[in-house]
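Worksheet: the structure to be examined is printed underneath.
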Amino acid sequence: MGQGSRAYMTNVSALRIARDGSSLRDEAIAAEVPVVVRFGNEAISLTCTPCDLEDLAFGLSFSSGFIERAEEVRAVSVCEEADGFVVSIEPGCEVRRAISGVSASTSPCPAVVAPALPGFDVGLLPEGPHIAPEDVWKASDELFALQGMHQDTGATHAAMFVDCATGRRFVREDIGRHIAIDKLIGSLLREGVDPSSGFMFLSSRCALDLAIRCARFGIAIVATISAPTSAVVEFGERVNMTLAAFARKDRFTVYTHPERIDWAGC
């Protein structure tokens, strides 16, 4: 189910109309399929890009409050069916006990599910890390080259975690911006990456459900290409999150907690 399989796209015949003439052509479009994620007896229904579904299993379980660590997942299985995929997550016994009183949830958008689940409170984020403006500008310059799906289809969002300690970039894409983050968080959980070692860079606007996901995982700096809303700014101020938006080329705007950006030399 990796990105290299190109399961994330399909080809269709389309009519292109331009001032200098029209033509029939094959167009690559992003695949969007139904996926049911089952965690024990709980179920979340959504539509997403059919790749990195194992990462989605871990990330959505974390964002929904079912797990805190990757070790709390015993096994994940992905089954392709006629009309989509079923991703089944087998939790450990301790997690099975913890969620025994939670009623099943079904939603086309897991962003609606997560904040309603018990234990979803977000505490204050730690003071670190500190980054330079050049780190954000470099991430902005690099992102498009790392968006293979978007280059092929023009229809996906990307979430990138920049690990300042190692220089590694972790990227996941999906038609849903919140699902891209869930997939990315799942991959970071599975690899044991410390969320305080870097920052998140998003190809979308700074929406509240995205900020909540990042904060709950422990990411204290979030930079996005487009604007935040008032709810996001209020949330960032409250949980001690640094929010930077309009991060394009050689500029960005910091809306909350600018002390983590070493900007004095700019």
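So for the sequence shown, the working numbering puts the first residue at 4; every next one is plus one.
Every residue, glycine too, gets a C-beta built ideally from N, C-alpha and C.
Tell me the DSSP secondary structure of residue i in three-state form.
i    : result
E83  : strand
F123 : Residue confidence is low: F123 scores 49 on pLDDT, short of 50, so the model does not pin down where it sits. Its coordinate-derived value is still stated next. Reduced to three states, the DSSP call for F123 is coil.
G239 : helix
C51  : strand
I182 : helix
T259 : strand
L91  : Note on residue identity: the sequence assigns Ser, not Leu, to residue 91. S91: strand per DSSP, three-state reduction.
D177 : strand
A168 : coil
T109 : Only weak support is given to the placement of T109: the predicted model assigns it a pLDDT of 36, under 50, and the value that follows is read from those uncertain coordinates. In this structure, T109 counts as coil in the three-state DSSP scheme.
Among all the DSSP beta bridges, which residues are the ones paired with residue i?
i    : result
R28  : A17
L205 : A162 and T227
R254 : R251
T245 : I224
E45  : F42
V36  : C51
A78  : E93
If you compare alpha carbons, which of the options is closest to residue i?
i    : options                   : result
T156 : A250, A162 and A31        : A31
S66  : F249, G239, A218 and V235 : A218
L187 : A60, S48, R22 and S26     : A60
R72  : E262, L192, S207 and M244 : L192
I222 : F69, H153, S206 and G126  : G126
N14  : A33, A162 and G24         : A33
S330 : M244, A248 and R263       : Any property of residue 330 remains undetermined from this structure, which presents the chain solely from 4 to 269.
V39  : D86, I184, G151 and R19   : D86
Fill in: At least three beta-carbon pairs within less than 8 Å, the stretch 170–180 to the stretch 220–235
Taking one beta carbon from each stretch, the stretch 170–180 and the stretch 220–235 have fewer than 3 pairs nearer than 8 Å; the two do not touch.
Practice prompt. Take every Cβ of the stretch 81–94, pair it with every Cβ of the stretch 204–213, and state whether three or more of those distances are shorter than 8 Å.
Written response: no
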